[in-house]
Structures are given as structure tokens and as C-alpha cells.
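Chemist:
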Amino acid sequence: MNQSPRSGVNAHTAYQQLDAMSVGPLWRHLGDLFPAQPPLRAIPFHWSYEQLRPLMEHFATALSIEEAQRRVLMLINPGMQDTSATVTGLYAGIQIILPGEQAQAHRHSSNAFRYIIEGSGAYTTVAGERVHMSPGDLLLTPGWDWHDHFHQGDGPMTWLDGLDFPLVNLLDTAFFELHPETAQKTTIADDLSSRQYIHGRLNPTWTQRATLSSPIGKYPWAETERAFAAIADHATGSEVDGISLEYTNPWTGGPVLPTISCRVQRLIPGFLGTARRHTAATILHVVRGEGRTVINGEEFAWKDKDVFVVPSWASYQHIVDSSAGAVLFAYSNEPVVKALGLYREELL
Ligand code: GTQ
């Protein structure tokens, strides 16, 4: 029985022989390898800043910056613990730095950004440019640029770190180097890139597009506020995401980093979004206000400074009940998904 009349090989031992040769029978794996729709590995999840804050304070005193190199609490998705991802391809961490501290200069092939949450008086030096930080600013650290942070103000400074290292690691393209000095030397004037390029419609003619990333070191909160104020209530925005603005690369009009799209969205008081799902995995941070988001049928209530995630193909609907409205900062792997022709969306 189970003996092939032609080959004389026993079926059971045939599978064992395949396994021993590192060969697999496709017919036993078609279902898992070609799922009808994306299986939810990253799950919808929410982190409360209020709950994280005392632990950040604790580690700020318990662990020196020299020991930690970067004092960061990683927001790890319960479904992606093996890769420390927050959502597929992307990571979020909350960093805290105290007055007088200096975070060692290093560089990595991963692209990174910081979205400033609390404090003032710190700067990061990126590729020879000091970039000063204030709450609501978006700072870019494109892959392989040296970067070190220094806090010369009073009180703790906190920010959200966004990186693409889960994708870079998946592709086996991760490189990392420590700088020989604690801090790199500055080579250009402070905040020059934001002053030079932020206008977007008046670009310098004497510089070259050198990389896939935006040349802007910082997108200041003041510019975001100006953009929202200029639009005011004269646009309804997207029925899903409200008045959603994408930070852009002035050279291309595209995303600020090759792997990450960054947006900021204003949800007006009483906003009741249309539900949608798409194949871009998204991480959201509450800049201000409070509301709730229904993700795959589960409701997540959020407020000031929280972080929550909408995985690929999970439906989401934003709702703001308060009369104050809300502002969210959102980043996603949309540029990767779109570049590979894998973007799909569906209104629900
Ligand atoms: O501040 O350079 O959350 O290199 C993870 C890796 C922050 C940083 C992170 C990093 C940094």
C-alpha cells in the first residue's frame, strides 16, 4: 500500500526524503503561502503615554545615556515580537533624554525620523547640521547619515522615533557603525536645510538631488500650524482621514523617506470617519485631543501623546466626539507597498 507501482518509493518515506533534502511539496502549503487575503500578524494595538511616562522617568534616572546609547522604550506589536516591529516593516519607540546628556553619534542603513513630543532645548546633529527640536517638529535622519543628540535645555525631552529597521532586517541590508567621537563636527549652519527647502515651491537651484530622501532636516510645527490655519474650515478633507497633509520631499513631491510616508491630520470636532482598509501598515501618534478608532471591529480610545497601530488590511474608522477636535501624526510603509504594486484599498 502507498507504494508507487512505478518508482517503488514508499509515500511516507518520500516526504521524509524531501525534507532531508530541504525540498518541500507545494501542494501541502498552497493555502499558507498564498492566503486569500493578508493574515493579520501585527495586531491592532494601543499604547498609553500616561502609562509609559513614569517608566521613562524611571529609566532616565536608573540608566545612564552612556550605558544605553539611546534611552528608548520600543513599542513592540504582540504579534511581531520576533522582529521587534510595531507593525509590518516599521518600528516606533519613545526616547527620553535629560539635560546635559549626549547620545553617541552613530549611523545605520535604516531610515529614521523623530516626532518631538515634550520639552525644548535639545538638538540632533544629522550629516553635519544641527537641527533644533520643539514639540510637533518632524526631524529626518535618512539612512547612513551620522546622527547624535544633545540636550542643553531644562527638563526631560521626549520624542517618538520611527524607523524602517524591520524591513531593512528582513531584506538583510542592515549596516551599523559607531562614530569615532561622541559627537560629530558641524559642517553647515544650524537648521540650514529647513530654511533652504521648506518653502517647497522655491527650491534652491545650486544643489543636486543626492538621495532618495528629502533634504529637509526638520519640518517645524509652526509650518504645520500655518498650513492648517490657511486651510481652516474651507476644505472637508478626506472622509476617512480628515484634513490629512503629507510631508513631502521638495525634489519629488513624494514621501520624505523612501520607505516611510509621514502625514499629519486634523480631525474636526464631531468627526465621524468613513471606514476603510488598505495594505499600507500605519502607526499613529496623538499630537493633541482625544477620540477613538474602531479597528477591525475593536474600539481603541486614545488621547494626547498615545500611539496606536492599524495593520495592513485592517479596517479603521476614526471618531472624535469632543468639541476640541484632534490632531494625529501618522506614518506608514505606503511608499514600499506602492512601489511594488501591492497597494489596495477598499472603502467599507
Ligand atoms: O535615536 O538614533 O529608537 O538609532 C532606534 C535606533 C532611536 C536614534 C531608536 C536609533 C535611534
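Residues 14 to 361, numbered by the working numbering, are exactly what the sequence shown covers, in order. Note that the Cβ used here is the ideal one computed from N, Cα and C, for glycine as well.
Select from Glu311, Leu215 and Glu80 the residue whose C-alpha is nearest the C-alpha of glycine 266.
Modeler: Of Glu311, Leu215 and Glu80, the residue nearest in Cα terms is Leu215.
Chemist: Return helix, strand or coil for isoleucine 308, following the three-state DSSP convention.
Modeler: Here isoleucine 308 sits in strand by DSSP.
Chemist: Considering only heavy atoms of the ligand GTQ and the C-beta of each residue, which residues fall inside 5 Å, strictly closer?
Modeler: Working through the chain, the matches are Arg83, Val85, Gly106 and Asp174.
Chemist: Just the Cα atoms here: how many angstroms apart are glutamine 221 and threonine 137?
Modeler: Those two C-alpha atoms are separated by around 24 Å.
Chemist: Specify the secondary structure class of aspartate 45 as computed by DSSP and reduced to three states.
Modeler: Helix, per DSSP.
Chemist: Should the stretch 251-263 be called in touch with the stretch 319-327, which here means at least 3 C-beta pairs below 8 Å?
Modeler: Not touching, per the Cβ criterion.
Chemist: Where does methionine 14 fall in DSSP's three states?
Modeler: In this predicted model, methionine 14 has a pLDDT of only 47, less than 50, meaning its place in the structure is not dependable enough to derive any value.
Chemist: Which ranges does the beta strand (DSSP E) cover as unbroken runs of at least 3 residues, wholly within the stretch 218-250, from first to last along the chain?
Modeler: Entirely contained in the stretch 218-250, not one beta strand (DSSP E) run reaches 3 residues.
Chemist: Specify the secondary structure class of phenylalanine 342 as computed by DSSP and reduced to three states.
Modeler: It is a strand residue.
Chemist: Considering phenylalanine 284, what are the terminal residues of the beta strand (DSSP E) in which it resides?
Modeler: Segment: none, phenylalanine 284 is in no beta strand (DSSP E) and carries neither H nor E.
Chemist: In this structure, does DSSP put serine 20 in helix, strand or coil?
Modeler: Three-state DSSP puts serine 20 in coil, outside helix and strand.
Chemist: Ends of the beta strand (DSSP E) at alanine 135?
Modeler: 135-139 is the span of the beta strand (DSSP E), which, as asked, contains alanine 135.
Chemist: Is the beta carbon of proline 169 sitting closer than 7 Å to the one on glycine 141?
Modeler: No; because the gap between Cβ atoms is not below 7 Å, this pair is not in contact.
Chemist: How is the beta strand (DSSP E) around serine 257 delimited, first residue to last?
Modeler: Run containing serine 257: 256-259, per the beta strand (DSSP E) assignment.
Chemist: Can you tell me where the alpha helix (DSSP H) holding alanine 208 begins and where it ends?
Modeler: This sequence places arginine at residue 208; alanine is not what is there. Here the alpha helix (DSSP H) through arginine 208 covers 205-210.
Chemist: Quick one: any contact between the stretch 303-313 and the stretch 269-276, if contact means 3 or more CB pairs under 8 Å?
Modeler: The stretch 303-313, when compared against the stretch 269-276, does not touch it at the 8 Å Cβ threshold.
Chemist: Among Arg19, Leu270 and His291, which has the Cα closest to the Cα of leucine 151?
Modeler: Ranking Arg19, Leu270 and His291 by Cα distance to leucine 151 puts Leu270 first.
Chemist: Starting from glutamate 252 and walking both ways along the alpha helix (DSSP H), at which residues does that stretch end?
Modeler: First-last for glutamate 252: undefined, no H or E at that position.
Chemist: Hey, how far is the Cα of lysine 318 from the Cα of isoleucine 130?
Modeler: Rounded to the nearest angstrom, the two C-alpha atoms are 7 Å apart.
Chemist: Any chance the stretch 93-106 sits against the stretch 150-167, with 3 or more Cβ pairs inside 8 Å?
Modeler: The stretch 93-106, when compared against the stretch 150-167, does not touch it at the 8 Å Cβ threshold.
Chemist: Counting Cβ pairs closer than 8 Å, one from the stretch 25-40 and one from the stretch 288-299, do we hit at least three?
Modeler: With the cut-off at 8 Å, the stretch 25-40 and the stretch 288-299 do not touch.
Chemist: Would you mind sorting valine 349 into buried or exposed? The rule is 16 or more other CB atoms within 10 Å of its CB.
Modeler: Answer is buried; the Cβ neighbour count reaches 16.
Chemist: Using a threshold of 7 Å, state whether the C-beta atoms of leucine 191 and histidine 291 are closer than that.
Modeler: No, these two residues do not count as a Cβ contact at 7 Å.
Chemist: Tell me the rounded alpha-carbon separation between asparagine 346 and glycine 21.
Modeler: Each residue's Cα considered, the two are about 51 Å apart.
Chemist: Which whole-angstrom value describes the C-beta separation of alanine 55 and asparagine 23, a residue pair presumed to lie in contact below a C-beta threshold of 8 Å?
Modeler: In fact, because the Cβ distance is near 42 Å, the residues do not count as touching under 8 Å.
Chemist: Using a Cβ-Cβ cutoff of less than 6 Å, which residues in the same chain neighbour threonine 306 once the five nearest sequence positions on both sides are dropped?
Modeler: Excluding positions up to five away in sequence, the list reads Phe313, Tyr329 and His331.
Chemist: Where in the stretch 102-167 do unbroken runs of the alpha helix (DSSP H), each at least 4 residues long, occur, reported from the N-terminal end onward?
Modeler: With a minimum length of 4 residues, no continuous alpha helix (DSSP H) run stays inside the stretch 102-167.
Chemist: Mind pulling the beta strand (DSSP E) runs of 3 or more residues that sit fully within the stretch 38-88?
Modeler: Segments of the beta strand (DSSP E) lying fully in the stretch 38-88: 58-60 and 85-87.
Chemist: Using 8 Å for Cβ pairs, my map puts leucine 86 next to leucine 103. What's the rounded Cβ distance?
Modeler: That belief does not hold up - the Cβ atoms of leucine 86 and leucine 103 are roughly 16 Å apart, past 8 Å.
Chemist: Report all residues from its chain with a CB closer than 7 Å to the CB of methionine 93; omit the five preceding and five following residues, and keep chain order.
Modeler: If we look at methionine 93 and ignore the five residues flanking it on each side, its Cβ neighbours are Arg54 and Ala55.
Chemist: Give the DSSP bridge partners of proline 189, in chain order.
Modeler: Note on identity: in this sequence residue 189 is phenylalanine, with proline being the wrong assignment. Per DSSP, His121.
Chemist: Just curious, the beta strand (DSSP E) that valine 322 is in, first and last residue?
Modeler: From DSSP, the beta strand (DSSP E) with valine 322 extends over 320-323.
Chemist: So if DSSP puts threonine 295 in a beta bridge, which residue, or which two residues, is it bridged to?
Modeler: Bridge partners of threonine 295: Val323 and Ser345.
Chemist: Roughly how far, in whole angstroms, is the beta-carbon of aspartate 7 from the beta-carbon of glycine 106, given that I think they are within contact range, below 8 Å?
Modeler: The shown model of the chain, from 14 to 361, leaves out residue 7, and the question about it has no answer.
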